[in-house]
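Take 199 as the starting number for the sequence shown in our numbering and just add one per residue.
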Amino acid sequence: MLRPRHFNQILEAADGTADMTTINEAVLRSQAKAVYSIDNIGHFGLALRNYAHFTSPIRRYADLLVHRALNDVAASTSQPKDGLGGITADQMAKICTHISETEANAAAAERRTIDRFAAACLKPDSARS
Numbered sequence: 199m200l201r202p203r204h205f206n207q208i209l210e211a212a213d214g215t216a217d218m219t220t221i222n223e224a225v226l227r228s229q230a231k232a233v234y235s236i237d238n239i240g241h242f243g244l245a246l247r248n249y250a251h252f253t254s255p256i257r258r259y260a261d262l263l264v265h266r267a268l269n270d271v272a273a274s275t276s277q278p279k280d281g282l283g284g285i286t287a288d289q290m291a292k293i294c295t296h297i298s299e300t301e302a303n304a305a306a307a308e309r310r311t312i313d314r315f316a317a318a319c320l321k322p323d324s325a326r327s
């Protein structure tokens with residue numbers, strides 16, 4: 199079974215070599231894209247069984263949901279039965295799916311934009327005007 203330490207061993211072996219950048223990129227691209235879930239699915243790259251990702255709630259809706267959930271848990275005297283912050287577990291699962299899909303769509307749009315820009319830069323000068 200492939201474990202995070204295997205990737206670390208590959209990266210350590212490549213460190214300082216001429217191929218380091220290429221190998222690092224290959225390792226990053228070989229890993230599955232993260233998805234949002236109401237289940238604790240951990241973090242493969244960090245080798246953590248328990249993991250919740252959040253940065254700044256002004257940047258990403260998923261982060262805002264985690265902040266709200268943490269606030270609800272901190273303010274509550276009992277364990278919520280279903281969902282957090284007035285959002286049911288079923289609603290949260292749908293939100294997670296939607297966020298994962300829109301993030302994938304945004305990444306695909308970014309790649310297409312970069313490809314088009316690169317193609318435009320490679321056109322002969324007469325074709326650009």
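The beta-carbon is built from N, C-alpha and C at its ideal position, and this holds for glycine as well.
With respect to the alpha helix (DSSP H) encompassing Ile312, which residues constitute its N-terminal and C-terminal limits? Ala287 to Leu320
What are the start and end residues of the alpha helix (DSSP H) that includes Val225? Met218 to Ser228
With a cut-off of 8 Å, do at least 3 Cβ pairs link the stretch 291–303 to the stretch 222–238? yes
Does the distance from the C-beta atom of Ile239 to that of Ile221 stay below 8 Å? no
Assumed close pair Ala250, Val264 - CB separation to whole angstroms, cut-off 8 Å: 6 Å
Which value, in whole angstroms, describes the spacing of the CA atoms of Asp288 and Ala273? 22 Å
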